[in-house]
Amino acid sequence: MILSGHQPVYLPSLQLFNKIALSDKFMFVGHCQFVNKSWHSRNIIRNGDQTLTLTVPVLKSGRFGQSISETEINGDHWKRKHLGSIRNAYQKRPFFEDYFPALEQLINRPWTYLGELNMALIIQFLDWLEIDIPLFYSEEYAIAGQKTDMLIAMCQAMGADHYLSNEGSSTYVDEKRMTDLGICHCWQNFSHPLYEQGREFIGNLSIIDCLFNMGPASRDLIINAGTVTTAKFTT
Numbered sequence: 020m021i022l023s024g025h026q027p028v029y030l031p032s033l034q035l036f037n038k039i040a041l042s043d044k045f046m047f048v049g050h051c052q053f054v055n056k057s058w059h060s061r062n063i064i065r066n067g068d069q070t071l072t073l074t075v076p077v078l079k080s081g082r083f084g085q086s087i088s089e090t091e092i093n094g095d096h097w098k099r100k101h102l103g104s105i106r107n108a109y110q111k112r113p114f115f116e117d118y119f120p121a122l123e124q125l126i127n128r129p130w131t132y133l134g135e136l137n138m139a140l141i142i143q144f145l146d147w148l149e150i151d152i153p154l155f156y157s158e159e160y161a162i163a164g165q166k167t168d169m170l171i172a173m174c175q176a177m178g179a180d181h182y183l184s185n186e187g188s189s190t191y192v193d194e195k196r197m198t199d200l201g202i203c204h205c206w207q208n209f210s211h212p213l214y215e216q217g218r219e220f221i222g223n224l225s226i227i228d229c230l231f232n233m234g235p236a237s238r239d240l241i242i243n244a245g246t247v248t249t250a251k252f253t254t
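Read in order, the letters of the sequence shown correspond to residues 20 to 254 in my numbering.
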């Protein structure tokens, strides 16, 4: 059984959803420390021929070391800006009306915590993509440790004998240690798919770019964009 996990990030890109689709179970790792100016609170959409970063403002003063799940959103003023930017960027794309009303309603809910917002968005995107696997939350299992220790703890909590990581984890995963404990470490081999954007293609945008442009076809694009290997990722 393959387990994967990820910190809850804002409006994620396609790679996260491919990793989830390649897994049997997925864990939101919201107990990890919030990192300012990271994907935890921001992501990128298309803005004409360029990109635009959307950032959710959060309360940081005196809160160093807070987890993603504990991080509070700073007000509601950002919602109008984000939704307006999304509308301006995508209102002429073929599937905009299929998704935007529900996205607008979801973002406009009275969120207090960043982690809750991010997880609700990811769950909605998974539903639209018809990627249906069991979801779990690290806080409910008292997951401890860092790096490889945390991955081992997650697998033991879920009864998983395989753990799937994306390429960015290659610097801290001790594969031998996991193997010694009966856990086979796997790597996600992801190749970003090309799809019609109405102009020159830009990759690594938020999932909403793909949904607004490709609609239900986004599912097969994402599922077929990656494979699983047990070979160590090298640069």
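Even for Gly, the Cβ is constructed at its ideal location relative to N, Cα and C. Predicted model only: the values in this text are computed from it and were never measured.
| Buried versus exposed call for Gly187 [16 or more other C-beta atoms within 10 Å across all chains shown] | exposed
| query | Sorted by chain position, which residues of the same chain lie with C-beta nearer than 6 Å to Thr253's C-beta, five sequence neighbours on each side aside? | reply | In this predicted model, Thr253 has a pLDDT of only 43, less than 50, meaning its place in the structure is not dependable; the value taken from the coordinates is given anyway. No residues qualify anywhere along the chain.
| request: Using DSSP bridges, identify the partner residues of Thr248. | output: BP columns for Thr248 point to Trp206.
| task | Express the C-alpha separation of Lys166 and Tyr36 in angstroms, rounding to a whole number. | result | The question names Tyr, but residue 36 is Phe in the sequence shown. Roughly 21 Å between the two C-alpha positions.
| field | Helix, strand or coil at Gly24 according to DSSP, with G and I counted as helix | value | strand
| said: What would DSSP say about Ile87, mapped onto helix, strand or coil? | reply: coil
| said: Just to confirm my understanding: we take Thr90, look at its own chain, exclude 5 residues before and 5 after, and list those with CB closer than 6 Å. What are they? | reply: Contacts found: Phe53, Val77 and Leu133.
| field | Through-space distance from Leu145 to Gly217, alpha-carbon basis | value | 24 Å
| task | Helix, strand or coil for Phe220, going by three-state DSSP, please let me know. | result | coil
| For Gly164 and Ala172, believed in contact at Cβ under 8 Å, the rounded distance | 5 Å
| Within the region 161 to 205, ranges of the alpha helix (DSSP H) (whole runs, at least 4 residues) | 166 to 177 and 194 to 199
| message | Which complete beta strand (DSSP E) runs does the region 88 to 124 hold, if anything under 3 residues is left out? | response | Segments of the beta strand (DSSP E) lying fully in the region 88 to 124: there are none.
| If you draw a straight line from the alpha carbon of Asp117 to that of Phe231, how long is it in whole angstroms? | 8 Å
| request: With Lys56 as the anchor, note down where its beta strand (DSSP E) starts and where it stops. | output: No beta strand (DSSP E) holds Lys56; DSSP gives it neither H nor E.
| message | With a threshold of 6 Å on Cβ separation, who are the neighbours of Phe155 within its own chain once the five nearest residues in sequence on each side are excluded? | response | Around Phe155: Met46.
| query | Which residues share a DSSP beta bridge with Met138? | reply | Answer by DSSP bridge pairing: none, since Met138 is not bridged.
| request: Compute the Euclidean distance between the alpha carbons of Ile105 and Leu170, then round it to the nearest angstrom. | output: The alpha-carbon of Ile105 is positioned some 35 Å away from that of Leu170.
| field | Contacting residues, own chain, Cβ-Cβ under 6 Å from Ile142 (five flanking each side not counted) | value | none
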